[in-house]
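Numbering (the UniProt record's numbering), first residue to last: 1 to 166. By construction, the Cβ of each residue, glycine as well, lies at the ideal position given by its N, Cα and C atoms. Take a look at the structure below.
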């Protein structure tokens with residue numbers, strides 16, 4: 001059985017993330033989507049919320065061989081725990097490759113875990129969690145960039161963020 005891990009912050013999960021996860025699910029027996037918790041970052045959505053949203057979106061997509069979890073540790077430690085031999089990362093542009101290559105080499109050195117890079121769907125390659133939040137912050141419509149359930153959650157989180165500033 002070949003197990004893959006798709007890690008990320010997923011704050012929020014985007015249509016691009018889901019595309020990479022769904023495509024990965026076609027190639028591997030089991031895929032673990034792992035919300036990586038970084039203590040140095042302040043996410044918009046809680047760890048539990050991100051996990052639940054991804055589960056909901058993947059259930060709607062009919063992905064039955066995908067598990068969703070979170071970790072605060074090294075992704076390679078998570079991979080060893082579940083028996084994964086590969087990490088799958090989506091690449092949008094050249095900058096993604098440069099940023100991900102170093103991490104891929106470290107992961108191989110640390111645990112012998114290979115990284116598979118999947119190019120983003122050209123229709124989705126411009127979408128990132130940061131862009132989604134920025135567009136929403138400025139009143140833009142993010143429908144289609146994120147799962148439908150994220151749109152109202154994003155509006156609510158931004159309203160709370162705005163109230164804290166006032």
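Query	Result
Sufficient close CB pairs (3 or more, under 8 Å) joining the segment 24 to 39 to the segment 140 to 152	no
Terminal residues of the alpha helix (DSSP H) in which residue 39 lies	Unbroken run through residue 39: none, as it is neither H nor E.
As assigned by DSSP and simplified to three states, the class of residue 122	coil
One or two residues paired with residue 87 in a DSSP bridge	5 and 115
Where the alpha helix (DSSP H) through residue 130 begins and ends	129 to 137
Opposing strand residues paired with residue 67 [DSSP bridges]	32
Nearest-angstrom Cα separation, counted from residue 71 out to residue 78	7 Å
Pairwise C-alpha distance: residue 66 and residue 56	12 Å
Residues near residue 132 in its chain [Cβ-Cβ closer than 7 Å; skip 5 each side]	12, 14, 142, 145 and 146
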